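Take a look at the structure set out below.
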Amino acid sequence: MLHLRTHTPTLTGITVVLSQAGVVVLPNHLADDFEAFCRSNPVPLPLLYRSQSGETSCPPLAKHADIR
């Protein structure tokens, strides 16, 4: 997910880092095991956010996103 702002201030001397991320949707009964797997493999599988069941947004990363 990439979040784009409508107004970008001058960023002289500041490096902006964007990351591409995938979304994985799992049944509830697999979520804990998948989180543990990601935490034990943080370089290839960084877990950026774990939503609650029924949640359709990701406020810390893209507060206006709706993945329904």
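With the numbering used here applied, the sequence shown corresponds to residues 13 to 80, in that order. Cβ atoms here follow ideal geometry from the backbone N, Cα and C, with glycine treated the same way. Just so we're clear, the structure is a prediction, and the values are computed from it rather than from any experiment.
Keeping to the same chain, check which residues put their C-beta closer than 8 angstroms to that of residue i; ignore five residues upstream and five downstream.
{"i": "A43", "result": "R62"}
{"i": "N40", "result": "S65"}
For residue i and residue j, I'd like the C-alpha separation in whole angstroms.
{"i": "V36", "j": "T27", "result": "29 angstroms"}
{"i": "P72", "j": "S52", "result": "22 angstroms"}
{"i": "C50", "j": "P58", "result": "6 angstroms"}
{"i": "L60", "j": "A48", "result": "13 angstroms"}
Is residue i near the ligand FMN - that is, is its Cβ less than 7 angstroms away from at least one heavy atom of it?
{"i": "N40", "result": "The ligand FMN is absent from the structure shown, which contains no ligand whatsoever."}
Tell me which same chain residues have a C-beta within less than 7 angstroms of the C-beta of residue i, skipping the five on either side of it?
{"i": "I79", "result": "V35 and T68"}
Hey, quick one: how far does the alpha helix (DSSP H) through residue i stretch, first residue to last?
{"i": "D81", "result": "This structure leaves residue 81 out entirely; the chain is present only between 13 and 80."}
{"i": "A43", "result": "N40 to S52"}
Please return the same chain residues whose Cβ sits closer than 6 angstroms to the Cβ of residue i, not counting the five positions on each side in sequence.
{"i": "F46", "result": "L38"}
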